[in-house]
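Participant: Numbering of the sequence shown is given in numbering that gives the first Met the number 0, commencing with residue 0 and proceeding in unit increments. This structure is in structure tokens; I'll ask about it shortly.
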Amino acid sequence: MVSQVPPPVLTPVVLVLGDEELLVARAIADAAAQARAADPAAEVREVETGAMLVGELAELLSPSLFGGVRVVVLRAAQDAKKDVTAVLLDYAKSPDPDVTLVVAHAGGAKNKALADSLTKAGASVVPAAKLTKHRDRVDFVTGEVRRLGGRCAPDAAEALIEAVGNDLRELAAACNQLMADTGGRIDQATVARYYRGKAEVSGFAVADAAVAGDVPAALEALRWARHSGVDPVPIADALADGVRTVARVASAGRGNAYQLASTLGMPAWKIEKAQRQARGWTPDALVLAMRAAADCNAAVKGGEEDRDYALERTIVAFAQAKQAGGGR
Numbered sequence: 000m001v002s003q004v005p006p007p008v009l010t011p012v013v014l015v016l017g018d019e020e021l022l023v024a025r026a027i028a029d030a031a032a033q034a035r036a037a038d039p040a041a042e043v044r045e046v047e048t049g050a051m052l053v054g055e056l057a058e059l060l061s062p063s064l065f066g067g068v069r070v071v072v073l074r075a076a077q078d079a080k081k082d083v084t085a086v087l088l089d090y091a092k093s094p095d096p097d098v099t100l101v102v103a104h105a106g107g108a109k110n111k112a113l114a115d116s117l118t119k120a121g122a123s124v125v126p127a128a129k130l131t132k133h134r135d136r137v138d139f140v141t142g143e144v145r146r147l148g149g150r151c152a153p154d155a156a157e158a159l160i161e162a163v164g165n166d167l168r169e170l171a172a173a174c175n176q177l178m179a180d181t182g183g184r185i186d187q188a189t190v191a192r193y194y195r196g197k198a199e200v201s202g203f204a205v206a207d208a209a210v211a212g213d214v215p216a217a218l219e220a221l222r223w224a225r226h227s228g229v230d231p232v233p234i235a236d237a238l239a240d241g242v243r244t245v246a247r248v249a250s251a252g253r254g255n256a257y258q259l260a261s262t263l264g265m266p267a268w269k270i271e272k273a274q275r276q277a278r279g280w281t282p283d284a285l286v287l288a289m290r291a292a293a294d295c296n297a298a299v300k301g302g303e304e305d306r307d308y309a310l311e312r313t314i315v316a317f318a319q320a321k322q323a324g325g326g327r
């Protein structure tokens, strides 16, 4: 006897809280996918809540004469009128088992009582607020790549954000493209290779790998930067800035990045990054690396004949300094 797999249980009420359109769209798509897994013929209806009358809402939520699963999506629920809000809250107490109600609320103070009451009534809450912190965007990129089946280091995510910008749709598209082209492992060199038109990404990719003491990765990033036409001067500047930033953050001692931001005059995300990079560096090693960076700047800007060799020499000098200081 063949056992039958029970159909998936629908989530009766989903509260999508926030106004980041990509996250809102994904939450709605996930609810629709869940409903169609239970019933391939499931109907999805989307309406603007602000223009809705009580009778229309009651009709959407009432049991169907013909049965079947439905998904009702209420957009901009913060604009709901008082009588519509009352019907929604009453419905949430005893929802129809064949209906998934998705309430998209932008968050904030407007009609906050609706969101709070739905949460208390047991609605499944999906956060969809805009990502305003750099660390959250880094987490989004690494999580997006992981969702697609790959791996992305935080420093590579930072490089991608510098190249593409903060728009989540563009970042998601970039992650998807990189996954399709690379097979799943995304590092700084990968980002520099695919976004080599961005001089700042290539320069910082070299510096980050050099400060980490990863000579092969730094040399590979350097080759891609030079191949794409990046001048040695911004790369030398990035090397100097990288080790100088680590030295400043390390000398400030341990502390919360957001508390140190005003003292050091740096954004918190840059301090967090430097705190990670500072592991393994001693004060003496940082002094040696800063001297190497200064020599590199003099060589590159002073017109040394082989400026590429000056950059390569500095990358090796960083690694030797860190190793001499006991770092790895």
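Where a beta carbon is used, it is the ideal one built from N, C-alpha and C, also for glycine. The structure displayed is predicted, hence computed values, not measured ones.
Measuring alpha carbon to alpha carbon, tell me which of K132, A76, V98 and A158 ends up nearest A108.
Facilitator: Here residue 108 refers to the residue found at position 109 of the sequence shown. Checking every option, the nearest Cα to that of A108 belongs to A76.
Participant: Once you ignore the five residues that flank D154 on each side, which residues in its own chain have a CB closer than 7 Å to its CB?
Facilitator: Within the sequence shown, numbered from 1, the residue matching residue 154 stands at position 155. Excluding residues within five positions, the ones whose Cβ falls inside 7 Å are Q187 and D207.
Participant: From E143 to E304, what does the alpha carbon distance come to, in whole angstroms?
Facilitator: Start at 1 with the first residue of the sequence shown, and residue 143 comes out as number 144. Start at 1 with the first residue of the sequence shown, and residue 304 comes out as number 305. The alpha-carbon atoms of E143 and E304 are separated by roughly 44 Å.
Participant: Would you mind listing the beta strand (DSSP E) stretches within the segment 111-159 that are 3+ residues and don't spill past its ends, in chain order?
Facilitator: Listed in chain order, they are 123-126.
Participant: Buried or exposed: where does S104 fall if 16 or more other Cβ atoms within 10 Å of its Cβ makes it buried?
Facilitator: Translated into the one-based positions of the sequence shown, residue 104 becomes position 105. Before going further, note that residue 104 is His rather than Ser in the sequence given. Label assigned to H104: buried.
Participant: Helix or strand or just coil, what does DSSP make of A198?
Facilitator: Start at 1 with the first residue of the sequence shown, and residue 198 comes out as number 199. Only weak support exists for where A198 lies, its pLDDT of 45 falling under 50; the value from the coordinates is given anyway. Reduced to three states, the DSSP call for A198 is helix.
Participant: CB of Y257 to nearest heavy atom of the ligand NAP: below 7 Å?
Facilitator: For the ligand NAP, the structure offers nothing, since it holds no ligand at all.
Participant: Do P231 and L310 count as a contact pair if the criterion is CB distance below 8 Å?
Facilitator: Sequence index remark: in the sequence shown, residue 310 carries index 311 (1-based). Sequence index remark: in the sequence shown, residue 231 carries index 232 (1-based). In contact: L310 and P231 (Cβ atoms closer than 8 Å).
Participant: Considering Cα atoms alone, identify which of L59, S250, R134 and D240 is closest to M289.
Facilitator: The count along the sequence shown starts at 1 and reaches residue 289 at position 290. Cα-wise, what sits closest to M289 is D240.
Participant: Who are the near neighbours of G54 in its chain, counting only those whose CB is closer than 6 Å to its CB and skipping five residues on each side?
Facilitator: Against the sequence shown, residue 54 aligns to sequence position 55. So no residue of the chain qualifies.
Participant: Have a look at A26 and V15 and give me their C-alpha separation to the nearest angstrom.
Facilitator: Taking the sequence shown and counting its residues from 1, one reaches residue 26 at position 27. Taking the sequence shown and counting its residues from 1, one reaches residue 15 at position 16. Distance between the alpha carbons of A26 and V15: 7 Å.
Participant: Which class does R306 belong to by DSSP, given the choice of helix, strand or coil?
Facilitator: Position 307 of the sequence shown, counted from the start, is the residue given in the question as residue 306. Reduced to three states, the DSSP call for R306 is helix.
Participant: Out of curiosity, what's the CA-to-CA distance linking A162 and R225?
Facilitator: Residue 162 sits at position 163 when you count from the first residue of the sequence shown. Residue 225 sits at position 226 when you count from the first residue of the sequence shown. So the alpha carbons of these two residues sit roughly 17 Å apart.
Participant: Would you grab the beta carbon distance between V72 and R35 for me? Rounded to a whole angstrom, and I think it's under 8 Å.
Facilitator: Start at 1 with the first residue of the sequence shown, and residue 72 comes out as number 73. Start at 1 with the first residue of the sequence shown, and residue 35 comes out as number 36. Going by Cβ atoms, the distance from V72 to R35 rounds to 14 Å, so no, they are not a contact pair.
Participant: Could you give the first and the last residue of the continuous alpha helix (DSSP H) run that contains A57?
Facilitator: Numbered from 1 along the sequence shown, position 58 holds the residue referred to as residue 57. Per DSSP, A57 belongs to the alpha helix (DSSP H) from V53 to L60.
Participant: Can you list, in chain order, the residues of its chain whose CB lies under 8 Å from that of G148, leaving out five sequence neighbours each side?
Facilitator: To locate residue 148, count along the sequence shown from 1; it is residue 149. So the list reads M178 and G183, once near-sequence residues are dropped.
Participant: Output the boundary residues of the alpha helix (DSSP H) element that contains L285.
Facilitator: Here residue 285 corresponds to residue number 286 of the sequence shown, with the count starting at 1. Start and end: P282 to K300.
Participant: Which term fits K321, buried or exposed, when burial requires 16 or more other beta carbons within 10 angstroms of its beta carbon?
Facilitator: Here residue 321 refers to the residue found at position 322 when the sequence shown is read from its first residue. Flag for K321 reads buried.
Participant: Given a cut-off of 8 Å, decide if L60 and V12 are closer than it, judged by their beta-carbon atoms.
Facilitator: Along the sequence shown, one-based indexing puts residue 12 at 13. Along the sequence shown, one-based indexing puts residue 60 at 61. Against a cut-off of 8 Å, the Cβ pair of L60 and V12 comes out as no contact.
Participant: The beta strand (DSSP E) with R74 in it runs from where to where?
Facilitator: Numbered from 1 along the sequence shown, position 75 holds the residue referred to as residue 74. First-last of the beta strand (DSSP E) with R74: R69 to R74.
Participant: Does the pairing of the segment 258-271 with the segment 292-302 give three or more beta-carbon distances under 8 Å?
Facilitator: Output reads no: the segment 292-302 does not touch the segment 258-271.
Participant: For D283 and S250, what's the separation of their Cα atoms in angstroms?
Facilitator: Against the sequence shown, residue 283 aligns to sequence position 284. Against the sequence shown, residue 250 aligns to sequence position 251. Distance between the alpha carbons of D283 and S250: 12 Å.
Participant: Around the Cβ of D332, are there at least 16 other Cβ atoms within 10 angstroms (buried) or fewer (exposed)?
Facilitator: In the structure as shown, the chain starts at 0 and stops at 327, and residue 332 therefore has no counterpart that could be examined.
Participant: Among the residues of its own chain, which have a CB less than 7 Å from the CB of A198, if the five just before and after it don't count?
Facilitator: Numbered from its first residue, the sequence shown carries residue 198 at position 199. At A198, the pLDDT of 45 sits below 50, so the modelled position is not reliable; the number obtained from the coordinates is stated separately. Only V229 and P233 meet the Cβ criterion.
Participant: Could you tell me which uninterrupted alpha helix (DSSP H) segments, each at least 4 residues in length, are contained entirely in the segment 204-233, listed from first to last along the chain?
Facilitator: Qualifying alpha helix (DSSP H) stretches, in chain order: 214-226.
Participant: Would a C-beta distance cut-off of 8 Å place V248 and I270 closer than the cut-off?
Facilitator: As a first step, residue 248 is located in the sequence shown; it is residue number 249 there, counting from the start. As a first step, residue 270 is located in the sequence shown; it is residue number 271 there, counting from the start. Against a cut-off of 8 Å, the Cβ pair of I270 and V248 comes out as a contact.
Participant: Beta strand (DSSP E) containing L100: first to last residue?
Facilitator: Here residue 100 refers to the residue found at position 101 of the sequence shown. Where L100 is concerned, the enclosing beta strand (DSSP E) stretches over V98 to H104.
Participant: Report the residue from R168, F139, A30 and R145 whose alpha carbon sits nearest the alpha carbon of E157.
Facilitator: For the purposes of this step, residue 157 is taken as residue 158 along the sequence shown, with counting starting at 1. Of the candidates R168, F139, A30 and R145, the one whose C-alpha sits nearest the C-alpha of E157 is F139.
Participant: For L22, which option in L113, L170 and A152 has the closest C-alpha, if you only look at C-alpha atoms?
Facilitator: Counted from its first residue, the sequence shown places residue 22 at position 23. Closest by alpha carbon: L170.
Participant: For the putative contact between A220 and A173, defined by C-beta atoms under 8 Å, what is the C-beta separation to the nearest angstrom?
Facilitator: As a first step, residue 220 must be located in the sequence shown, where it is residue number 221. As a first step, residue 173 must be located in the sequence shown, where it is residue number 174. Rounded, the Cβ-Cβ distance is 18 Å, inconsistent with contact.
Participant: Please classify D166 as buried or exposed, where buried requires at least 16 other C-beta atoms within 10 Å of its C-beta.
Facilitator: By 1-based counting over the sequence shown, the position of residue 166 is 167. By the 10 Å Cβ count, D166 comes out exposed.
Participant: Could you check where the beta strand (DSSP E) with R44 kicks off and where it finishes?
Facilitator: Start at 1 with the first residue of the sequence shown, and residue 44 comes out as number 45. E42 to E47 is the span of the beta strand (DSSP E), which, as asked, contains R44.
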